[in-house]
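Have a look at the structure below before the remarks.
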Amino acid sequence: MVGKNKLINKYARFISNKPAMVLIISLVITAFMIYGMINLKTVNMDYEEMLPQDNPVVNSFKVISEEFGGENSAIIVIEIEDSEPNSNEPVDVRDPRVINYLDKLSNELRYVRDVTAVSSIAEPIKKLNEGHIPNTLNEIIVTLDNPTISYQKNSLVSKDSSMSLITVKFSEDSTDHAKEIEKEVEKIIENSNKPAGISVQATGDVLKDPKIMRIIGEDMSKTSIVSLAGIILVLLLMFRSIKYGFLPLTAIIFGVLWAMGFLGLIGGGLNTMTSGTISMIMGVGIDFGIQIIVRFRQEFKTLDKRSAMEKTMNAVIGPILITTLAALIGFQAMSLGELTLMADMGNIMSLGVFFCMFAAITVVPSLIVIIEKDKANKPKHL
Amino acid sequence: MRLNYIEKFLMRIAVFQKKNAILILILTLIISGFLTFQMTKISMQSDLKEAMPRLSMDDVSDRVADKFGSQDAVLILVQLDKDSDEVGAPTDIRDPKVIKFMINLEDRLSKEDSIDKVTSIGTIFKQTGIPENIETSKLILSKAGAESLFNKDYSATLMYITCDLGSSENGVKEINLAAQKDIETSGLPPGVKATVTGTPSMRDMILTLMKHDAMFTLLLAAGIILILLIVTQRSFTKGIIVFLPLTLGIIWTLGTMTLFGIKLSIATVGIGAMILGLAVEYGVFMVQRYHEEREDKTQEDALKIAVGGVGFSILGSGLTTIVGFLALTISVAPMLGDLGSSLALGISFCLIITIFVTPSFIILEENLERRLTHKSHIKQTEKIKQHQRKKW
Numbered sequence: 001m002v003g004k005n006k007l008i009n010k011y012a013r014f015i016s017n018k019p020a021m022v023l024i025i026s027l028v029i030t031a032f033m034i035y036g037m038i039n040l041k042t043v044n045m046d047y048e049e050m051l052p053q054d055n056p057v058v059n060s061f062k063v064i065s066e067e068f069g070g071e072n073s074a075i076i077v078i079e080i081e082d083s084e085p086n087s088n089e090p091v092d093v094r095d096p097r098v099i100n101y102l103d104k105l106s107n108e109l110r111y112v113r114d115v116t117a118v119s120s121i122a123e124p125i126k127k128l129n130e131g132h133i134p135n136t137l138n139e140i141i142v143t144l145d146n147p148t149i150s151y152q153k154n155s156l157v158s159k160d161s162s163m164s165l166i167t168v169k170f171s172e173d174s175t176d177h178a179k180e181i182e183k184e185v186e187k188i189i190e191n192s193n194k195p196a197g198i199s200v201q202a203t204g205d206v207l208k209d210p211k212i213m214r215i216i217g218e219d220m221s222k223t224s225i226v227s228l229a230g231i232i233l234v235l236l237l238m239f240r241s242i243k244y245g246f247l248p249l250t251a252i253i254f255g256v257l258w259a260m261g262f263l264g265l266i267g268g269g270l271n272t273m274t275s276g277t278i279s280m281i282m283g284v285g286i287d288f289g290i291q292i293i294v295r296f297r298q299e300f301k302t303l304d305k306r307s308a309m310e311k312t313m314n315a316v317i318g319p320i321l322i323t324t325l326a327a328l329i330g331f332q333a334m335s336l337g338e339l340t341l342m343a344d345m346g347n348i349m350s351l352g353v354f355f356c357m358f359a360a361i362t363v364v365p366s367l368i369v370i371i372e373k374d375k376a377n378k379p380k381h382l
Numbered sequence: 383m384r385l386n387y388i389e390k391f392l393m394r395i396a397v398f399q400k401k402n403a404i405l406i407l408i409l410t411l412i413i414s415g416f417l418t419f420q421m422t423k424i425s426m427q428s429d430l431k432e433a434m435p436r437l438s439m440d441d442v443s444d445r446v447a448d449k450f451g452s453q454d455a456v457l458i459l460v461q462l463d464k465d466s467d468e469v470g471a472p473t474d475i476r477d478p479k480v481i482k483f484m485i486n487l488e489d490r491l492s493k494e495d496s497i498d499k500v501t502s503i504g505t506i507f508k509q510t511g512i513p514e515n516i517e518t519s520k521l522i523l524s525k526a527g528a529e530s531l532f533n534k535d536y537s538a539t540l541m542y543i544t545c546d547l548g549s550s551e552n553g554v555k556e557i558n559l560a561a562q563k564d565i566e567t568s569g570l571p572p573g574v575k576a577t578v579t580g581t582p583s584m585r586d587m588i589l590t591l592m593k594h595d596a597m598f599t600l601l602l603a604a605g606i607i608l609i610l611l612i613v614t615q616r617s618f619t620k621g622i623i624v625f626l627p628l629t630l631g632i633i634w635t636l637g638t639m640t641l642f643g644i645k646l647s648i649a650t651v652g653i654g655a656m657i658l659g660l661a662v663e664y665g666v667f668m669v670q671r672y673h674e675e676r677e678d679k680t681q682e683d684a685l686k687i688a689v690g691g692v693g694f695s696i697l698g699s700g701l702t703t704i705v706g707f708l709a710l711t712i713s714v715a716p717m718l719g720d721l722g723s724s725l726a727l728g729i730s731f732c733l734i735i736t737i738f739v740t741p742s743f744i745i746l747e748e749n750l751e752r753r754l755t756h757k758s759h760i761k762q763t764e765k766i767k768q769h770q771r772k773k774w
């Protein structure tokens, strides 16, 4: 069969006759991309960067995050727990035992890496009592009624006096040391000898980021494995053959490897949003391999393996190229809106689909021609 | 030739499609009409927090928000305007002129019905009165320990507005408008600017942009893909036939999302463009194969091979794509789960439409084209005959 496009026809003939060469070149590319994959980073999502930068609401929000420590802050929450009746445990965060504990904890938190300021209610209480914390709850209540510290009281002690906060601000460098900071804060809280009857928990972006990063890694493996298992199941049911069930998988194995390797080579990384792209790329990228296998099996019924592959490639390369181009248009359109939250996902999906297509028209046909054996009684040529 | 059950079933479907093309067209139009009506009622989710994985820390943050009511506060950033060249403009945000403005603004905002509480440096100076000079102001603020209300170089301060916004979009808009009006009437000193911001204002802005982006990205992708299809198919009608399942697929997806109460979120705002890009292959393979077979086969035989062969392969590839997307529903990030389920729904509909509806469209288009060509052929023959008669 003579293809409609000379170039496609030439390529179809080439891959049918020189599958080993194509496979070797593909393996060399893979080795190079594995090196790139090692450099692939897991990065944090910066929502503000994904919003329009010329908008006054966004700009003001950015100023607040940068200059008022919204981004680089943590809150230690001290809460009264339900206590047994007639127990001696504190029932009010203004209890001197709790205030002394807040004071001790605040002092220790000041030595955590990158900390720039720590605020707790113990500080103004001490200021108004010549550096000492009163010994009775009544004395503390009287101190807190002083109007000069009403702002601190309102922002650090809840109205029902069941919760008090310690706010910790960090320098901008803290984003680079989030893991160490998280460990240090956890260690201080653990070893802080808190009074019975109160709970101590920490929250805030600085402490949340390392946890999110760990989740991304676990989530990516989980969704990718489920996706791969589901795809294998569909392929086995569809082809009812181990050989043809696994052959299209090579398109996504090589495609994902190449896409992630390329991403690593250009200094890119994966974040919460893009961590799911691997399972999506696998789902989309497998299509090209399936189209080739289905058509090859149809042609192989009447032709020898090389001729069947030549005819298959002549028939499917055109539609595959059109569909890849259409998919790339769809993914790239997402990055042209005002909200660029989806732009990273669109770019990584584009890379994934492109490389899966590339693997499907190189690795899959060459492997089929190498693995498949010609049966007798078949015409040798088209 | 040995065929599997699915291929045999699809071939039977092809025979039905050939015979009942108009019936299939009418049914498709009825379903599409109903889902188009549903689609117009789709709601949007603009809260970024709802899109992120939920950690135990978030429960702690929620409890803090309950007790202190500060998490979703509307913020007013009051800052020195660095570009201003006004004479006598404040050079420190603790200037008595700024404090006077803050007290006025706080008073006005506190009177608004929808606002529960307003906190700023104005709260401190309401007790002590407006200071005479900046030195007194610094002294009072230092005693009150209000450092967290300022940035490091004292060029900006914050006002926190706590209010019950509810779930309606209008709540944020009302607060924004009220705050804007009160800023204008509270005597903002020259050389100082005030901007309403905070999470609710950001959500309001995101919502507006989402509506714009959903339409823009969809129309952009649709326009380019349609041109690509018309060019590659070398026919306007064939291009439209490949494109039709995509359009119907998007309508059916958005309509079904509305029926099931799935909101369009920041993660799913681009699904229209993604579905267009991903599902186009089904129609391309179907139309291409039909015309390839049609070169030496009857309509029914060509359709049987196209629906049986391509239908089988796109069913397989569509199912793997759906599996890939459905895998995202186990993700801890709700935005990925929403994206995965919405895309899986979209691909499923495009697949169903390509296998069950597109073949009827192919037949109708071919018949229509043949009828038109036949009519123009008759007209042309008539003209030649008339010309010949005149000649004789």
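Chains A and B supply the protein sequences, listed in that same order.
Sequential numbering from 1 applies to the first sequence in my numbering.
Sequential numbering from 383 applies to the second sequence in my numbering.
We put the beta carbon where it would ideally sit given N, CA and C, even for glycine.
Cβ shell of residue i (< 8 Å), same chain only, five flanking positions each side left out
| i | result |
| --- | --- |
| A:I8 | M313, N314, I317, G318 |
| A:V91 | I80, S83, G197 |
| B:T505 | E488 |
| B:I481 | I503, G504, F507, I512, P513, S519 |
Residue interval of the alpha helix (DSSP H) (run including residue i)
| i | result |
| --- | --- |
| B:T518 | 516-526 |
| B:I485 | 478-492 |
| B:T510 | 503-510 |
| A:I266 | From DSSP, A:I266 is part of no alpha helix (DSSP H); its letter is neither H nor E. |
| A:T136 | Segment: none, A:T136 is in no alpha helix (DSSP H) and carries neither H nor E. |
| B:Q420 | 403-421 |
| B:A726 | 716-738 |
| A:Q53 | Segment: none, A:Q53 is in no alpha helix (DSSP H) and carries neither H nor E. |
Pair within 8 Å by beta-carbon distance, residue i and residue j
| i | j | result |
| --- | --- | --- |
| A:I231 | A:G283 | yes |
| B:S730 | B:T711 | no |
| B:S648 | B:S428 | Sequence inspection shows Ile at residue 648 of chain B; the Ser mentioned does not correspond to that position. Going by C-beta atoms, B:I648 is nearer than 8 Å to B:S428. |
| A:D103 | A:I141 | no |
| A:M33 | A:G285 | no |
| B:F625 | B:L611 | yes |
| B:G659 | B:A603 | yes |
| A:I166 | A:S224 | no |
| A:F288 | A:M357 | yes |
| A:F254 | A:S73 | no |
| A:T362 | A:V22 | yes |
| B:L417 | B:T638 | yes |
| A:V28 | A:N271 | no |
| A:S227 | B:A661 | no |
Close Cβ partners of residue i (< 7 Å) along its chain, the five nearest in sequence each way excluded
| i | result |
| --- | --- |
| B:S537 | Q461, L462, I475 |
| A:V369 | S16, P19, K305, R306, M309 |
| B:S742 | Q399, A403, I406, L407 |
| B:L600 | G654, A655 |
| B:K555 | D586 |
| A:D114 | F170, S171, D173, S174, H177, I181 |
Same chain, Cβ closer than 6 Å to residue i, neighbours up to 5 away in sequence not counted
| i | result |
| --- | --- |
| B:K686 | M393, A396 |
| A:S275 | I216, D219, M220 |
| A:F331 | G346, M349, S350 |
| A:L51 | V58 |
Beta strand (DSSP E) segment containing residue i, residue limits
| i | result |
| --- | --- |
| B:K575 | 574-579 |
| B:L462 | 456-462 |
| B:M541 | 538-545 |
| B:S713 | Taken as a continuous stretch (DSSP letters only), B:S713 belongs to no beta strand (DSSP E), as it is neither H nor E. |
### Inter-stretch contact (C-beta, 8 Å, three-pair minimum) for the region 647-655 of chain B and the region 347-355 of chain A
no
### Message
Suppose only complete runs of 4+ residues qualify. What are the alpha helix (DSSP H) ranges in the region 144-178 of chain A, listed by chain order?
### Response
150-156
### Message
Whether or not the region 294-314 of chain A and the region 689-705 of chain B are in contact is what I'm after, with contact meaning three or more pairs of Cβ atoms, one per stretch, closer than 8 Å; do they touch?
### Response
yes
#### Entry: Every unbroken alpha helix (DSSP H) within the region 67-110 of chain A, with a cutoff of 4 residues, ordered by chain
96-109
### Task
Report yes or no: do three or more beta-carbon pairs, one from the region 260-269 of chain A and one from the region 628-647 of chain B, lie closer than 8 Å?
no
### Query
Counting pairs of Cβ atoms below 8 Å between the region 408-418 of chain B and the region 173-182 of chain A, do you hit three or more?
no
### Message
Counting beta carbon pairs with one atom in the region 557-574 of chain B and one in the region 470-489 of chain B, are three or more of them shorter than 8 Å?
### Response
yes
#### Entry: Meets three-Cβ-pair contact criterion under 8 Å: the region 149-162 of chain A and the region 522-530 of chain B
yes
#### Entry: Length at least 4, wholly inside the region 613-680 of chain B: the alpha helix (DSSP H) runs in chain order
618-641, 653-676
### Query
Okay, do the region 60-67 of chain A and the region 568-584 of chain B touch, 3+ Cβ pairs below 8 Å being the bar?
yes
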